[in-house]
């Protein structure tokens, strides 16, 4: 039973930040696409902006990995 | 006076003042224009010190100059309009000196402009006519087979119509049969471009009512030029062909006339336009000059290395009448100093990444060398695989050799080349070759540690890199403050650096207890520093400390993304092995490795850059500099 709870905790640790990241990236991506239509020279900056919320899922992944492996 | 940038790759600039007699102004500007090294800055002149009896004022052009400028501007517009109308004829350039023949050109350009406008108008009409005839022909050609099916009855009236779709055709047929009580025949065909056309045959006596029905039902009849309208339907197609050919010949005649005009005059007008453009640029630049009773003064910026050469040029050209003086760059000038970046050799390709940011201010740092130093290391730390490193190295050599130097893809190839070398180095350190394939097939062992298994070591490694990188950023920020004579800001940054260092050491001593490293005193040290920081920076100081710790934790992505890459590579190998067939296994593993490599290029690039832009540069880089745009000829 303990294994189930560990797996469930790990799934939550990565699942919830993944949803949050996806939501944030969808908003930033939409705004970025609009920006690029007018200023294509900002492509690099937009890619970086889209990558910023990935911190959430990355930290979620780290926590999940630690739950499972440590 | 402030210290000039030294260790950075921001080119050292000089604030210069050029002074000479008023009558030499335009010639001086012409010389500066030709040399292309000087950027005028009229805002600087507000601070010029003059004798009390002399008055500095913006240059007001004399009556003759104004008349001349107006004449050149007017001529420029007409020549530009003419060149717009002329077709491109030859690449020949004229060596004509436009100034002596300017009056003749002034008269000629009007004649040529009138001719070109008339010919262009005729050509437009003619092309429109050809286009309409071609469209008509498409429809009538589609109807031709239908005409041959009809009896040659002189009492028949024929209508050609365009039909929206099959549904409309059906409805129209039913309506016409009902109205004419079966005394009409509707047939249809599809044209070459896919449109639907119909041919309606009916008795001549009900032709008028048929017209009305078609109009009421909004079914467009095929139109014809007026001169063909009275022809019998069967002859119309032949006549259309003849008319089209005649119009085509007419178009070619007009084009030939325009081309003849262009061949003869285009190079001359091009030369005149360039000359006029440069001359008008001189007048525009004169707006940046100020004058006293006898002299003109122009101030601006140029690269420090070019000052001596320009001074010599001015001396020689004006026999010492026009002088160039270099002034000290004052503290209040710093935000105005334009910025020029120059990164030779190894660092030059990395400018493709620093260009994604706004320009740094003159008193700040050029981010390019820092990206050049750290980006490939981070990339290698994340990807770290011998197999992927070799593939990327081959790809980078191809990009760098196949595309001309200085092109984006060539520069990206060079950056990828350096990054792939670090990927190879870390691949050996982690003992990875296409994931665990090296270990399984070749008995490859890590030189340092296996990051796929030793997750804690990799985490500590990533965070240590973060600590070093962020602390370096804070140190550079303190140095920048010192250079700008802001010792208080510099001291605060150093206090912050010390607080972060103590906090990190306290965490280390808590996680890995050492006899020589006690957590308590370290935390007391942070506790002593906090009131100082709060007193100096306000209540935001603790938040800044937390933010900096967050920045350091953000470097954990180096471990996380790298770990994902390893897992994907291992999964690719396992899936390949599960197929039970060597060829299928290689194919499956190859596809998954290719996908992983694609991610392995994209993710480390984006996240390494993000670590630089957000976590590292945020600590010291002062962005928002003005680009150095020397006043120069467009061709140069």
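Residue numbers (the numbering used here), protein chains in the order written: chain A, 21 to 90; chain B, 62 to 697. In this text, a Cβ means the ideal position worked out from N, Cα and C, and glycines have one as well.
Those residues of the segment 623–638 of chain B placed with their C-beta closer than 8 Å to a C-beta in chain A are 624 and 625, ordered along the chain.
Chain-order list of chain B residues neighbouring residue 76/A: empty, with the shortest C-beta distance near 11 Å, by a criterion of under 9 Å. Exposed is the label assigned to residue 24/A, since fewer than 16 other Cβ atoms lie within 10 Å of its Cβ.
Listed as beta-bridge partners of residue 363/B by DSSP are 75/B and 99/B. Taking a cut-off of 8 Å for Cβ pairs, the segment 71–87 of chain A and the segment 351–360 of chain B do not touch, as fewer than three such pairs fall below it. Distance from the CA of residue 93/B to the CA of residue 692/B, rounded to the nearest whole angstrom, comes to 7 Å. Excluding its 5 nearest sequence neighbours in each direction, residue 571/B has C-beta neighbours in its own chain below 7 Å: 580, listed in chain order. Under the DSSP assignment, residue 224/B falls in the beta strand (DSSP E) whose first and last residues are 217–224.
At least one beta carbon of chain B lies nearer than 8 Å to the beta carbon of residue 79/A. By the CB criterion at 8 Å, residue 453/B and residue 481/B fall inside the cutoff.
Within the same chain, Cβ atoms closer than 7 Å to the Cβ of residue 617/B are found at 520, 523 and 524, the five residues on either side in sequence being excluded. Distance between residue 490/B and residue 368/B, taken at the CA atoms: about 51 Å. For the options 474/B, 218/B and 390/B, the alpha carbon positioned closest to that of residue 262/B is the one of 218/B. Contact annotation: the segment 428–440 of chain B touches the segment 411–419 of chain B, with at least three C-beta pairs closer than 8 Å.
Setting aside the 5 residues that flank it on each side, residue 503/B is surrounded in the same chain by 494, each with a C-beta closer than 8 Å to its C-beta; the list follows chain order. The segment 668–676 of chain B makes contact with the segment 59–75 of chain A: 3 or more CB pairs, one atom from each, lie closer than 8 Å. The Cβ atoms of residue 636/B and residue 659/B do not sit closer than 8 Å to each other. When DSSP states are grouped into helix, strand and coil, residue 296/B belongs to the helix group. When Cβ-Cβ separations below 8 Å define contact, residue 64/A makes contact with chain B. At a C-beta separation below 8 Å, residue 378/B has no neighbours in chain A, since its nearest C-beta there lies roughly 39 Å away. Between residue 305/B and residue 199/B, the beta carbon gap of about 11 Å keeps them out of contact (Cβ cut-off 8 Å). A check of alpha carbon separations from residue 254/B across 279/B, 230/B and 196/B identifies 196/B as the nearest. Cβ-Cβ distances below 8 Å link residue 320/B to 148 and 150 in the same chain, with the five nearest sequence neighbours on each side left out; the list follows chain order.
For residue 67/A, a Cβ of chain B is located within less than 8 Å of the residue's own Cβ.
Shortest Cα-Cα distance from residue 73/A to any of 35/A, 42/A, 59/A and 32/A involves 42/A. Nearest to residue 302/B by alpha-carbon distance, out of 193/B, 390/B, 342/B and 265/B, is 193/B. Closest by C-alpha distance to residue 206/B, out of 226/B, 233/B, 250/B and 330/B, is 250/B. Taking 8 Å as the CB threshold, residue 89/A lines the interface with chain B. In this structure, residue 157/B sits away from residue 315/B, with a CB-CB distance that is not shorter than 8 Å.
Inter-residue distance for residue 682/B and residue 526/B is about 19 Å (C-alpha atoms, whole angstroms). Residue 512/B counts as buried, since no fewer than 16 other beta carbons sit within 10 angstroms of its beta carbon. 594/B is the residue among 614/B, 615/B and 594/B whose C-alpha sits nearest the C-alpha of residue 605/B.
Neighbours of residue 39/A in chain B, taken as residues whose beta carbon is under 9 Å from its own, are absent, since the nearest beta carbon is some 18 Å off. Membership of residue 122/B in any beta strand (DSSP E) is not indicated, and neither H nor E is assigned to it by DSSP.
Between residue 78/B and residue 388/B, the gap from beta carbon to beta carbon is short of 8 Å. Across the set 424/B, 237/B and 588/B, the C-alpha of 424/B shows the shortest separation from the C-alpha of residue 684/B.
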